[in-house]
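Before any comments, here is the structure.
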Amino acid sequence: MRVMLADDAVLFREGMARILADVGFTVTGQAGDGTTLRRLVAADPPDVVVLDLRMPPGFSSEGIDTAAAIRATVPGVGLMVLSQYVEAHHALRLMTEFDGGVGYLLKDRVSDLAAFGADVRKVARGETVLDPELVARLVARRRERDPLDALTERERAVLALMAQGLSNAAVATDLHLAVKTVEAHVTSIFTKLGLAQHEREHRRVLAVLTFLRA
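In case it helps, full-length UniProt numbering puts the sequence shown at residues 1 to 214.
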């Protein structure tokens with residue numbers, strides 16, 4: 001699987017390249033800014049791009065802006081955005097503006113080689129990956145009108161894992177439940193959130209979006 005990297009911190013970028021190579025990826029290009037990365041991707045599209053959220057010149061949202069530009073010109077490229085801190089509004093933008101094949105992880109996750117490699121592969125397959133710490137903080141955040149109030153504690157746990165990009169089978173493994181039990185919880189979540197079946201909408205994504213906004 002071919003990967004390109006973008007991070008203005010050269011040491012971190014080189015370390016990430018070494019990690020990815022160690023877990024079976026081929027790093028085909030590196031960049032220190034979004035403009036260079038876009039040029040590299042246009043010339044030789046990889047399977048996945050791993051890029052920092054904050055890059056020159058403004059060190060704000062250049063990573064996601066660059067990801068959006070890449071997705072517009074090369075739709076099949078997976079996009080994994082790395083951040084030093086949990087920033088829920090950026091994660092929500094990824095979920096709302098991109099149709100799958102995206103991830104948002106804290107840079108600390110890169111040190112877990114197996115998990116990081118697995119998450120990059122998920123993004124390459126078109127799945128969505130969210131950092132567990134981000135999900136945990138969102139679960140803890142409560143508002144007066146929480147649309148998730150109707151969910152049971154178990155349904156919240158299932159939805160939190162769905163937000164991390166886990167399949168029903170993976171959720172079942174994490175929660176030590178039968179797959180059919182998880183499927184029943186997912187159906188109940190859809191019902192309680194008012195997500196009716198619709199051929200033009202993906203209820204699983206809509207449920208996760210409700211979770212993030214809450």
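Built from N, CA and C at the ideal position, the CB exists for glycine as well. Just so we're clear, the structure is a prediction, and the values are computed from it rather than from any experiment.
Under three-state DSSP, which class holds M16?
-> helix
Are residue 222 and V158 closer than 9 Å when you measure CB to CB?
-> The first residue shown for the chain is 1 and the last is 214, placing residue 222 beyond what the model contains.
Residue from K180, A150, A172 whose Cα sits closest to the Cα of T191 = Taking only the C-alpha atoms, the option nearest T191 is A150.
Residue closest to Y104, alpha-carbon to alpha-carbon, out of G32, A169, V49, A72 | V49
Proximity winner among D108, A124, R154, relative to P132 (alpha-carbon distances) = D108
Going by the beta-carbon positions, is the gap between G34 and E14 smaller than 9 Å?
-> no
Could you say which of D99, L11, M95, V86 lies nearest to L106 if we only look at CA atoms?
-> V86
Three-state secondary structure (DSSP) of T152 = coil
Cβ contact check for the stretch 110-118 and the stretch 87-99: 3 or more pairs under 8 Å | In this structure the stretch 110-118 does not lie against the stretch 87-99, because fewer than three pairs of beta carbons, one per stretch, are closer than 8 Å.
Buried versus exposed, by CB contacts within 10 Å (16 or more), G165 | buried
Label T66 either buried or exposed according to how many other C-beta atoms from any shown protein chain fall within 10 Å of its C-beta, with 16 as the threshold for buried.
-> Per the 10 Å Cβ criterion, buried.
Just how far apart, CA to CA, sit A160 and V208?
-> Cα to Cα, the separation comes out at about 8 Å.
Measure the beta-carbon distance from V74 to A42 and round it to whole angstroms, keeping in mind my assumption that it falls under 8 Å.
-> Confirmed, about 7 Å.
Are the beta-carbon atoms belonging to I70 and L37 less than 9 Å from one another?
-> yes
What does a CB cutoff of less than 8 Å around A124 pick up in its chain, not counting 5 residues either side in sequence?
-> So the qualifying residues of the chain are M1, D47, V48, G78, G101.
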